[in-house]
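Protein chains in written order, with my numbering: chain S, 15 to 333; chain F, 385 to 713.
All C-beta atoms in this analysis are idealised placements derived from N, C-alpha and C, irrespective of residue type, glycine included.
In this text, all values refer to a predicted model and were calculated from it rather than measured experimentally.
The following block contains the structure:
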């Protein structure tokens, strides 16, 4: 089995500094070569024969589910790129400022031939520290990009005071408790904290510890928010799977991302899971350590989530 | 697959091109292999190695005299048996994704959403609603089927009328007419095929595959449609007026455990076919009873190309890792 090609998705609202980050990745010496799928030619400063233009063609899978959208152009382009193996180490996908990251991410779970050869590494979102708060109010796309991110590059941090910075971080945390945030000016983040993140790799789900508890939010965002549920009581596997599968089938359209670490009754191993809309991926990861609290925790990021209903459902799975 | 299969393995001339074989097409008594490294490699009575493309070859077609290759360098190139190349089309900043050849020297290709159809008389262009996943000429007349999102379009390039739209939700990634032109079949993103009876646009769903179907071919008489994507070669009956509607498919030539059929090609004159598998195996199969003859043993990468010579007396195959073979019968 050959190594899968990692794919990094680069999102960010217009003007946040996405192209700056892309150019940095492409020009800095890190010994790696990337194929780049861009939405517009000409913005990239360097000449690279592996730069490909995309059309952002989104289509619905023919399975009756409206949230099962996929980027058909990516399937075609990555299929083509993978025919010249060994010519590059990774693929960067740049999306337009108005794009929803979900169809891009779902492409890697729905297309088996791409899933066999390439793997989604992380969704990286570049945000403008000064204007993000405003965009979260008026641009649903910006909110989706924050909600979806594994890594957030909070750019132009030199343009805000430390109070404003704390405020904007709180807003981000209210939406997305598990993304790694890097504060930068001119996207001067270490490249290895953006690439090779393994964010969708079940092996690398270590702990889910929301840094802000729900009660602490001062800026409650009704539309997109995160909900973290936990219990120290063991979970009944059968009941849990039935509940969570049913949940994503019914509410998958509103659930952008989910991550969970579950302690099943009489199971010596941690069960880890992650999901995008209706797609769930999960597996046993490793034995619980003796010094570890056997606590089950599941975090949802989504729109119009009903905290009480989710919590009741989750707790009904207690064995 | 059992060990006791009759074998033609020793009669195969082994080749190794070290690059993903995207397509194979016979030119006279030789075979032209198109690779993911942009090369056309001719083997057989003639030998030639040329590189018509700077990047990857995405698609290839052959008319028995030349191989036409579509590349991610935005070029469509025709290469003859001597390795002589002619640039047929160039698209700026775009990949040429698809190429198809039709009756009377007609050639069609697509770059982005634009579909071009050329004859000696000139070239016509049509903007598809989304980037075509496949294009195919009808067996007779100057008519093209274009597979795209949510269906396929039937276009008469020489007429001014708007193409006829055949709707079926989902992404359609390839198209093929039945040899008598009565049916159109498309390959879908989902593990299924879709078909239309063209006289009345009646739908035909062919589903139940465990993985995406990437290779289909009609038998020489048009009675069966052979398909990849499953653990066995799946054959859909097309002899009757209704095609496969309401009829179960036949399944022959099962793959080894946990493997699947990746490529199919029907014999041009006989009720027989070749199938390639994900473990690199290649079999000849008699349709009547499913009897198998081993052409290439398992133990390689997935078979990605299969081609019969026009007279049916030679078979070529190629794999994703670049191993290939020529068999004269």
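Query	Result
Chain S contact residues for residue 496(F), given Cβ-Cβ distances below 9 Å	67 and 69
Chain-order list of residues whose beta-carbon lies under 6 Å from that of residue 87(S) (same chain, five-residue window excluded)	68, 69 and 71
Below-8 Å beta-carbon distance, residue 479(F) vs any chain S residue	yes
Sufficient close CB pairs (3 or more, under 8 Å) joining the stretch 156 to 175 of chain S to the stretch 185 to 201 of chain S	yes
Rounded straight-line distance, which links the Cα of residue 497(F) to that of residue 480(F)	10 Å
Within the stretch 476 to 533 of chain F, ranges of the alpha helix (DSSP H) (whole runs, at least 4 residues)	none
Nearest-angstrom Cα separation, counted from residue 650(F) out to residue 671(F)	10 Å
Contact check, residue 21(S) vs residue 122(S), beta carbons under 8 Å	yes
Local Cβ density within 10 Å of residue 190(S), reported as buried at 16 or more and exposed below that	buried
Residue 118(S) Cβ short of 7 Å to the ligand SAM heavy atom set	In the structure shown, the ligand SAM is absent, as is every other ligand, since no ligand is present at all.
For residue 643(F), three-class secondary structure by DSSP	coil
As assigned by DSSP and simplified to three states, the class of residue 619(F)	strand
Helix, strand or coil at residue 155(S) [DSSP, three-state]	helix
N- and C-terminal bounds of the beta strand (DSSP E) containing residue 254(S)	Segment 251 to 265 is the alpha helix (DSSP H) holding residue 254(S); no beta strand (DSSP E) there.
C-alpha distance - residue 510(F) paired with residue 442(F), whole-angstrom precision	21 Å
Extent of the continuous alpha helix (DSSP H) run through residue 91(S)	86 to 95
Option in 395(F), 632(F) and 548(F) with minimal Cα separation from residue 591(F)	632(F)
CB contact check: residue 646(F) to chain S, cutoff 8 Å	no
Under 9 Å (Cβ pairs) to chain F, residues found in the stretch 79 to 98 of chain S	84, 86, 87, 89, 90, 91, 93, 94, 95, 96, 97 and 98
Same chain, Cβ closer than 6 Å to residue 17(S), five either side skipped, listed in chain order	none
Spatial neighbours of residue 308(S) in its chain, beta-carbon cut-off 8 Å, leaving aside the 5 residues before and after	246, 248, 277 and 302
Any chain S beta carbon closer than 8 Å to residue 474(F)	no
Bounding residues of the alpha helix (DSSP H) (the contiguous stretch that carries residue 297(S))	Run containing residue 297(S): none in the alpha helix (DSSP H); it sits in the beta strand (DSSP E), 293 to 301.
Minimum C-alpha distance to residue 205(S) - residue among 25(S), 40(S), 30(S) and 26(S)	40(S)
Beta-carbon proximity of residue 410(F) to residue 656(F), cut-off 8 Å	no
Closer than 8 Å to chain S by CB, residue 420(F)	yes
Status (buried if at least 16 other CB within 10 Å, exposed otherwise) for residue 549(F)	exposed
Per DSSP, cross-strand counterpart(s) of residue 650(F)	657(F)
CB contact check: residue 184(S) to chain F, cutoff 8 Å	no
Of the residues 536(F), 521(F) and 503(F), the one placed nearest residue 512(F), counting alpha carbons only	536(F)
Beta bridge counterpart(s) of residue 552(F) as assigned by DSSP	Per DSSP, none; premise fails for residue 552(F).
C-beta contact flag for residue 576(F) and residue 593(F) at 8 Å	yes
Residue 634(F) at chain S interface by Cβ criterion, 8 Å	no
Three or more C-beta pairs below 8 Å linking the stretch 398 to 412 of chain F and the stretch 258 to 268 of chain S	no
Given 8 Å, three or more beta-carbon pairs between the stretch 678 to 693 of chain F and the stretch 319 to 327 of chain S	no
Interfacial residues, the stretch 434 to 446 of chain F to chain S, with Cβ spacing under 9 Å	438, 439, 440, 441 and 442
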